[in-house]
Structure formats: C-alpha cells, structure tokens
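One structure is given here, and the rest of the page talks about it.
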Amino acid sequence: GEVLKNLNKFYKRKEIQRLGAENGLDARLFHQAFISFRKYIMESSSVSADLHIILNDICCGFVLLGHVDDLFPFFLRHAKQIFPMLDCMDDLRKISDLRLPPNWYPDARAIQRKIIFHAGPTNSGKTYHAIQRFLSAKSGIYCGPLKLLAHEIFQKSNDANVPCDLVTGEERVYANEDARQAPHVACTIEMCSTNTPYEVAVIDEIQMIRDPARGWAWTRALLGLCAEEIHVCGEPAAIDLVTELMYTTGEEVEVRNYKRLTPLTVLDYALESLDNLRPGDCIVCFSKNDIYSVSRQIEARGLECAVIYGSLPPGTKLEQAKKFNNPDDPCKILVATDAIGMGLNLCIRRIVFNSIVKPTVNEKGEKEIDTITTSQALQIAGRAGRFGSSFKQGEVTTMHRDDLVQLKEILSEAVPPVKAAGLHPTPEQIEMFAYHLPDATLSNLIDIFVSLSQVDGMYFVCNIDDFKFLADMIQHIPLNLRSRYVFCTAPLNRKEPFVCTTLLKFARQFSRNEPLTFDWLCRHTKWPLAAPKNIKELVHLEAVHDVFDLYLWLSYRFMDMFPDAVLVRDIQKKLDDIIQIGVCNITKLIRASQSAAAPGTAEVVSEDFPLSRTKKDARVVSDCHGAASTEALSIAVEAAGLRRAKNLRPSRLGSRQEDLKSYGRGSLANRLLREGLLTQEMLRQLESEWQDQHRNGRYGFGSKRDDQHHSKETGKKRK
Numbered sequence: 001g002e003v004l005k006n007l008n009k010f011y012k013r014k015e016i017q018r019l020g021a022e023n024g025l026d027a028r029l030f031h032q033a034f035i036s037f038r039k040y041i042m043e044s045s046s047v048s049a050d051l052h053i054i055l056n057d058i059c060c061g062f063v064l065l066g067h068v069d070d071l072f073p074f075f076l077r078h079a080k081q082i083f084p085m086l087d088c089m090d091d092l093r094k095i096s097d098l099r100l101p102p103n104w105y106p107d108a109r110a111i112q113r114k115i116i117f118h119a120g121p122t123n124s125g126k127t128y129h130a131i132q133r134f135l136s137a138k139s140g141i142y143c144g145p146l147k148l149l150a151h152e153i154f155q156k157s158n159d160a161n162v163p164c165d166l167v168t169g170e171e172r173v174y175a176n177e178d179a180r181q182a183p184h185v186a187c188t189i190e191m192c193s194t195n196t197p198y199e200v201a202v203i204d205e206i207q208m209i210r211d212p213a214r215g216w217a218w219t220r221a222l223l224g225l226c227a228e229e230i231h232v233c234g235e236p237a238a239i240d241l242v243t244e245l246m247y248t249t250g251e252e253v254e255v256r257n258y259k260r261l262t263p264l265t266v267l268d269y270a271l272e273s274l275d276n277l278r279p280g281d282c283i284v285c286f287s288k289n290d291i292y293s294v295s296r297q298i299e300a301r302g303l304e305c306a307v308i309y310g311s312l313p314p315g316t317k318l319e320q321a322k323k324f325n326n327p328d329d330p331c332k333i334l335v336a337t338d339a340i341g342m343g344l345n346l347c348i349r350r351i352v353f354n355s356i357v358k359p360t361v362n363e364k365g366e367k368e369i370d371t372i373t374t375s376q377a378l379q380i381a382g383r384a385g386r387f388g389s390s391f392k393q394g395e396v397t398t399m400h401r402d403d404l405v406q407l408k409e410i411l412s413e414a415v416p417p418v419k420a421a422g423l424h425p426t427p428e429q430i431e432m433f434a435y436h437l438p439d440a441t442l443s444n445l446i447d448i449f450v451s452l453s454q455v456d457g458m459y460f461v462c463n464i465d466d467f468k469f470l471a472d473m474i475q476h477i478p479l480n481l482r483s484r485y486v487f488c489t490a491p492l493n494r495k496e497p498f499v500c501t502t503l504l505k506f507a508r509q510f511s512r513n514e515p516l517t518f519d520w521l522c523r524h525t526k527w528p529l530a531a532p533k534n535i536k537e538l539v540h541l542e543a544v545h546d547v548f549d550l551y552l553w554l555s556y557r558f559m560d561m562f563p564d565a566v567l568v569r570d571i572q573k574k575l576d577d578i579i580q581i582g583v584c585n586i587t588k589l590i591r592a593s594q595s596a597a598a599p600g601t602a603e604v605v606s607e608d609f610p611l612s613r614t615k616k617d618a619r620v621v622s623d624c625h626g627a628a629s630t631e632a633l634s635i636a637v638e639a640a641g642l643r644r645a646k647n648l649r650p651s652r653l654g655s656r657q658e659d660l661k662s663y664g665r666g667s668l669a670n671r672l673l674r675e676g677l678l679t680q681e682m683l684r685q686l687e688s689e690w691q692d693q694h695r696n697g698r699y700g701f702g703s704k705r706d707d708q709h710h711s712k713e714t715g716k717k718r719k
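Under UniProt numbering, the first residue of the sequence shown carries the number 1, and numbering increases by one thereafter.
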C-alpha cells in the first residue's frame with residue numbers, strides 16, 4: 001500500500017509531468033507509461049536492485065536518502081522500452097512537421113503560377129468556362145473527384161479534336177494509338193502528376209479540400225501542380241481559404257463569380273404521396289433500403305423508374321441516366337442517392353427529398369446521423385432544371401410536409417466558409433519513420449506520425465482509419481514497407497467483407513511472389529456469373545465489380561504480379577452488363593428478397609422511412625445513448641411510422657397498421673441495434689414509455705381513433 005501511495009504521488013507531481021513532456025511524453029503517453037510502470041513495479045517479481053533500494057528509501061521515509069522524484073530515471077527508462085520513439089523524438093518531430101506544405105513542391109515553387117477561381121453554384125457554367133480554357137491551351141490537365149467526370153472531359157476533349165489521355169486509379173487510356181503521352185490529360189485528382197509541366201490545369205470541386213478522408217488530394221493538386229494557369233472551380237465558400245493558401249506561395253488569386261443559368265424554385269407544398277409524381281421527378285434517398293422501398297412502390301403504381309446509387313458501377317450509372325434522359329423511353333422517374341450530386345448530366349424537372357437526414361462520418365471516423373448541410377442540399381437541389389435540358393427551370397420539394405419548412409431554412413442559409421485543407425503523410429515520411437522505429441507496425445507508425453505531427457492552422461491531418469484498418473488486416477503478411485503502404489492505400493469499402501478478404505488473399509499471394517493470374521481471379525470470384533435473382537445477389541455482383549477494380553488498381557502499381565489487366569477489364573465490362581440487367585429488374589429482385597426473408601429476421605429491404613427527418617430528431621439519434629433522449633426517440637419513431645401510414649393507399653393501410661403493432665421489435669429496431677444506436681435496455685425502456693404515453697393519450701399523432709387502436713394493440717403486445 002505504501003508503494004502504491006508513493007507511486008500515485010509521483011504521478012501527480014507537476015515537476016515530473018514537466019520532465020516527461022521535455023522527454024517527449026505528452027499527457028496521453030505519460031499516462032500510458034505510468035500505468036505500465038506501476039504495473040511493472042506492483043506485479044513484477046524481479047525489480048532491479050537499484051530501483052528496489054530507491055523504493056525502500058522512499059517508503060521508509062528516509063528524506064535525506066530518497067524522494068519520489070528519484071523514480072524519474074527509472075520511469076523514463078521503462079517508458080523508452082514501451083515507446084521506442086522517445087530515443088529519437090527530435091528526428092521524428094522534424095519528419096512529421098507538416099507546417100509548410102508548399103515547400104514539398106519545389107517544381108511548382110520554381111514558377112510563377114496564375115490562379116483563377118471560378119466560383120458559383122451548381123449549373124452556373126463555372127466548370128464550362130474553365131474547360132474552354134483547358135481545350136484552347138497547348139497542354140493541360142483536368143483533375144476531378146470522380147471517374148465519371150474524368151471520363152466526360154476525356155470524351156469531350158477528344159470529340160473536339162484535342163488529343164487527351166484518361167488516367168484513373170484503375171485505367172489508362174491513350175489518345176494516341178502508339179501509347180505516346182498526349183499533351184492533355186483528364187484524371188481523378190489522386191492521380192495527377194506534380195512533376196509534369198502544363199500550360200493550364202483545372203481543379204474541379206475545390207470545396208472538397210475540406211473532405212475528412214480525401215481533402216489531401218485537392219491540397220496536393222492546388223499547391224503542387226506545375227501549370228502556368230491553375231483554374232479552380234467550386235463553391236464561393238472556398239475562396240478565402242484558397243486565397244490564404246496562395247498568399248503563402250506568393251501567388252495572387254483572381255476570382256470570377258457566376259450565377260445560376262436557370263431559375264430554381266423551392267415549392268410551397270410537399271409531394272406527400274407517390275401518386276403525385278410527374279415525369280422528370282427525381283426522389284433523393286440517403287440509404288439503399290429507401291432506394292429499394294421507394295422504387296418498388298413507384299413500380300407498384302404502374303410507373304417505370306431508373307435507379308442510381310453510389311456502389312453501382314460507372315457504366316450502369318450512365319445507362320440508368322441515359323434511360324431516364326431519353327424522351328422516347330417510358331422511364332420518366334429517377335430514384336437516386338446523393339450520388340447524382342456530381343458526375344452525371346441529368347434532365348430533372350423536380351428534386352424530391354425523401355428525407356433530410358443522412359448518415360455521415362465525422363473527423364474522428366465516428367458514424368453519425370445528422371441533417372444534411374446547406375452545401376449538400378444546394379448540390380443536390382441544383383441538379384433540377386439543368387441548363388440545356390428540356391426543363392427550363394428547376395423545382396425542389398420534400399416527400400413530407402414537416403420536412404419542407406426545414407429544407408427551406410437549410411437552402412436559405414449561407415454555406416459556412418471552408419476553414420482548413422487536408423494533409424496526408426507521404427510514403428517517404430513513413431519510410432523515414434520506419435528507419436527510426438524498425439520494430440513498429442505500419443498502423444503504429446501512422447498513429448505515432450499523427451500524434452507527433454504539427455500543422456499550421458490552415459491545415460488538418462485527414463482521417464486515416466481506412467488506412468489503419470487495412471494495415472492491421474495485412475500486418476501478419478510479410479511485405480516490404482513500400483508494398484505494404486501501397487496495399488493500405490487501395491480504394492475499397494471496408495464494409496464489404498468479400499472485397500476485404502480478396503485484398504488479404506492478394507497480399508498473401510503477392511508476399512509469396514506468386515503472380516495473381518486471370519485464372520486465379522476467375523476461380524476466386526466464381527466467374528462467369530449469372531444475372532442476380534434477388535437483392536443479395538445484386539449486392540454480391542457489385543462487390544465482385546469492386547474486386548475487379550481492386551485488381552486493376554494494383555495492376556498499375558505491380559504490373560508483374562497482376563499481369564492480366566486486359567482480360568480482367570473485358571470481364572468487368574461483361575459484369576457491368578449483368579448488373580445493368582439486375583438494376584433494370586430491381587423490383588423483381590426486391591420481391592424475391594422479401595419473400596425469401598425468414599420470419600423474425602432483419603430483411604434485406606426495410607420499408608421504414610429513415611429514423612428522423614428533422615434537425616431536432618437528428619440530434620436525438622446522435623445523443624440517444626443518454627437516458628433523457630429515449631422519450632424523444634420514441635416520439636420520432638412513432639411519428640415516422642404514423643405519418644407513413646397516413647400516406648399509404650387505403651388498401652395497404654390495414655397491413656401497415658399490423659406492422660405498427662410490432663414497431664418496437666421490427667426491422668428498424670434490429671437495424672438500430674446493429675448500428676449501436678440502441679441497446680436492448682434502451683429498447684425495453686422505449687417500449688415501456690411508448691405504451692405509457694398511449695395509455696395516457698399524451699401525443700396527438702393521427703386521429704383519436706388511430707391512437708386508441710394503436711394503444712390497444714401495443715397493450716396486447718405487452719401482455
């Protein structure tokens with residue numbers, strides 16, 4: 001007990017904390033080192049003799065012989081054993097100093113660049129003017145956020161007799177038959193070269209410089225491109241940051257402002273029912289389940305609809321867009337996620353927001369459900385009434401009346417200014433870290449880098465959770481550091497188990513120096529594949545398409561080990577056609593999935609509207625781990641269900657009321673439990689409070705009769 005008391009006294013001494021900080025132990029590391037040191041002293045059977053003597057002197061109260069501060073050399077020695085970087089902290093701090101990113105690009109600093117910022121909303125012609133300058137230049141590079149956008153500029157340039165190459169992570173297409181580099185190139189922004197000189201560079205969607213995961217690519221392009229003229233296009237919210245960043249490079253920014261080319265009207269009424277759909281309508285959902293549910297309800301009304309969401313292959317998205325845009329095609333309705341916000345040219349008359357909340361990932365990598373931002377709302381709403389389409393003006397509304405007021409508020413707010421630009425550690429920086437810390441894993445190297453990194457107020461270090469996830473997944477596979485780094489930067493969705501296990505197999509075979517052949521890939525993916533019979537099979541085909549993308553991405557980095565890119569690209573095109581068949585028959589797949597779903601299990605498709613659609617409700621979801629919020633959450637869940645019931649046709653109302661009887665344990669509850677937004681205890685409390693509220697007649701949703709019916713049914717369930 002005396003030893004523990006003196007150790008805690010040592011830990012609390014300000015002088016000791018100061019000495020720790022001087023030796024590279026910040027508050028977090030100091031705490032971790034102390035916990036380990038205390039455990040070593042209290043549990044070890046072989047404490048060194050000199051430490052044993054010091055502890056004895058301190059505990060026996062020999063003031064002249066021992067003081068708790070005398071433990072510091074032993075504590076520091078122990079800390080250096082568990083944190084080896086403490087021995088080379090000065091070197092590591094220099095390597096991870098990110099305060100002067102402009103100096104990383106000496107080629108760009110050697111020339112005086114002219115920066116032109118084309119600022120304006122969606123459908124204002126800002127990118128058009130930048131592209132006109134790109135096409136008239138002797139040489140140029142276009143950097144966009146999506147493969148679809150890069151492909152569009154590649155096509156447009158070659159159609160205008162300006163030879164242009166296409167470079168994405170998975171693809172290289174040369175304008176010249178002999179594969180000579182053309183003077184113009186259209187690329188995804190991560191693939192732009194900072195060494196090649198150009199007359200003109202175009203950086204599209206510059207506001208994405210603030211993106212928590214990809215912002216570093218826009219920072220790199222803006223600071224590093226070697227072009228006489230840099231044309232950046234995007235929201236006016238990014239003007240101040242771009243101007244400040246260019247001030248540090250000694251380059252002036254010329255701003256050209258653009259206004260929307262066609263009027264956009266926010267309607268005074270909500271859609272309220274799918275019976276009120278008109279040709280040219282686009283319903284925007286923020287989850288795949290809502291996409292499935294809405295598209296099925298539309299086709300049940302005898303209408304055809306096109307479907308576009310993020311995980312569809314680019315070719316399928318283009319085909320669905322073409323189908324919707326074609327005036328001779330009977331398909332006049334589009335159901336889409338916010339994937340339509342950029343990259344597709346669509347003839348939309350009216351945007352209808354199915355909900356105004358969406359799942360997001362914050363700076364810490366945590367999943368949240370929150371109201372859409374003004375920037376997101378404007379980007380999506382702006383797709384209506386595109387200049388040059390058959391609709392001369394755009395309209396925007398919501399599915400539900402109570403969302404419309406808030407959507408108007410969101411759209412009327414100013415977009416908050418972009419405050420900081422993203423940065424990411426380079427392979428060279430990580431290699432230098434590894435030289436000093438040869439025994440650290442790549443995941444630990446990244447952690448140490450981020451914890452030691454120093455950034456200027458205009459920058460932030462991007463979220464590296466996906467990188468760390470892959471680093472941990474392949475840690476046990478023997479790879480050299482550079483190869484390991486490349487595998488960890490592979491673009492994949494870590495929520496897709498099939499794609500993740502494939503990357504693991506790729507890495508294992510790569511480590512054995514065995515080439516990944518076309519035959520091996522066909523065996524692994526069970527190619528050839530049939531058209532999907534249900535949603536689960538469609539989702540798997542999308543994952544296989546991502547696996548082919550992953551193979552192609554790795555083939556450009558390790559050509560000898562992934563030698564069959566041409567063959568893989570051929571079967572990927574065939575797979576795209578198979579997926580298109582599935583998407584065209586999506587309602588049949590949904591019906592098959594629902595009829596095959598076992599009773600009592602979470603279905604592939606949920607017909608529930610999103611949990612909440614207002615800012616207040618969204619906050620409830622974020623805070624729902626607190627006891628006080630359970631009541632509000634029960635109200636939000638009940639309101640969503642009853643509003644939905646009111647909007648259904650009479651023939652379906654009875655079955656929907658049957659669904660409402662078991663709302664507390666239905667597929668929505670299962671989904672919330674899976675996502676960690678609810679616990680079993682909270683669910684029991686919600687049920688109890690909900691039943692109490694109905695018995696007391698506290699809330700006036702729907703008619704009194706509905707309330708009585710619902711209360712009676714929940715009472716029966718309780719019994």
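Beta carbons are placed, not taken as given, at the ideal position from N, Cα and C, and that holds for glycine. Quick caveat, the model's predicted, so the values are computed rather than measured.
Could I get the ranges of all uninterrupted alpha helix (DSSP H) runs contained in the region 25-98, with 4 residues as the minimum, in chain order?
27-43, 49-59, 72-82, 89-95
Hey, out of P416, K332, T248, whose CA is closest to T373's CA?
P416
Since V200 and H151 should fall inside the 8 angstroms C-beta cutoff, what is the C-beta to C-beta distance between them, to a whole number of angstroms?
Not a contact, Cβ separation roughly 19 angstroms.
Please name the residue in D275, E409, A377, A137 whose C-alpha comes closest to that of G341.
A377
6 angstroms Cβ shell around F75 - same chain, five flanking residues per side excluded:
F37
Provide the residue span of the beta strand (DSSP E) that contains N326, from first to last.
Element bounds for N326: n/a, residue is neither H nor E.
What are the boundary residues of the alpha helix (DSSP H) that includes G215?
215-224
If you draw a straight line from the alpha carbon of Y309 to that of R256, how long is it in whole angstroms?
33 angstroms
What whole-angstrom Cβ distance do A490 and K533 have, given they're in contact under 8 angstroms?
Not a contact, Cβ separation roughly 30 angstroms.
For I586, three-class secondary structure by DSSP:
helix
Can you list the alpha helix (DSSP H) stretches of 4 or more residues lying completely in the region 103-146, in chain order?
106-109, 126-136
Between the region 400-418 and the region 465-481, do at least 3 Cβ pairs fall closer than 8 angstroms?
no
Grouping DSSP H, G and I as helix and E and B as strand, with all else coil, what is E514?
coil
Nearest candidate by alpha-carbon position, reference T168, set A531, C88, I153:
I153
Please go through the region 295-344 and give each complete alpha helix (DSSP H) segment of 4 or more residues, from N-terminal end onward.
314-325
Assess, as a yes-or-no matter, whether the region 568-579 is touched by the region 184-197 under the definition of 3 or more beta carbon pairs within less than 8 angstroms.
no
Count the other CB atoms, across all protein chains shown, that sit within 10 Å of the CB of S157; report buried if there are 16 or more and exposed otherwise.
buried
Is the distance from the Cβ of A49 to the Cβ of I82 below 8 angstroms?
no
For the alpha helix (DSSP H) that contains N8, what are its first and last residues?
2-12
Below 8 angstroms on the Cβ atoms is my guess for A575 versus H545; work out the distance and round it to an integer in Å.
Note that residue 575 is Leu in the sequence shown, not Ala. Confirmed, Cβ separation roughly 5 angstroms.
Just curious, the alpha helix (DSSP H) that T243 is in, first and last residue?
239-249
Alpha-carbon to alpha-carbon, Y485 and L554:
12 angstroms
Which listed residue (C282, I410, K126) has its alpha carbon closest to that of I351:
C282
Nearest-angstrom Cα distance between H118 and P478?
48 angstroms
Would you check if the distance between the CB atom of I239 and the CB atom of L222 is smaller than 8 angstroms?
no
CA-to-CA distance, R133 to H184, given in whole angstroms:
12 angstroms
Indicate the three-state DSSP secondary structure (helix, strand or coil) for Y459 in the structure shown.
strand
Euclidean distance between Cα positions of residue 722 and L271
This structure does not reach residue 722, given that the chain is present from 1 up to 719, and the question cannot be answered.
For V162, which of helix, strand or coil comes out of DSSP?
coil
Quick one: is K495 buried, meaning 16 or more other Cβ sit within 10 Å of its Cβ, or exposed?
exposed
Grouping DSSP H, G and I as helix and E and B as strand, with all else coil, what is Y198?
strand
How long is the line joining the alpha carbons of P121 and E395, rounded to whole angstroms?
15 angstroms
Which of helix, strand or coil does DSSP assign to P599?
Annotation note: pLDDT 49 at P599 (below 50); position unreliable, coordinate value reported separately. In this structure, P599 counts as coil in the three-state DSSP scheme.
Among Y258, R93, C584, nearest to P451 - alpha-carbon criterion
Correcting the residue identity first, residue 451 is Ser in this sequence and not Pro. The shortest C-alpha separation from S451 is found at R93.
I'd like the span of the alpha helix (DSSP H) that includes C488, first residue to last.
481-488
P279 beta carbon less than 8 angstroms from that of K317
no
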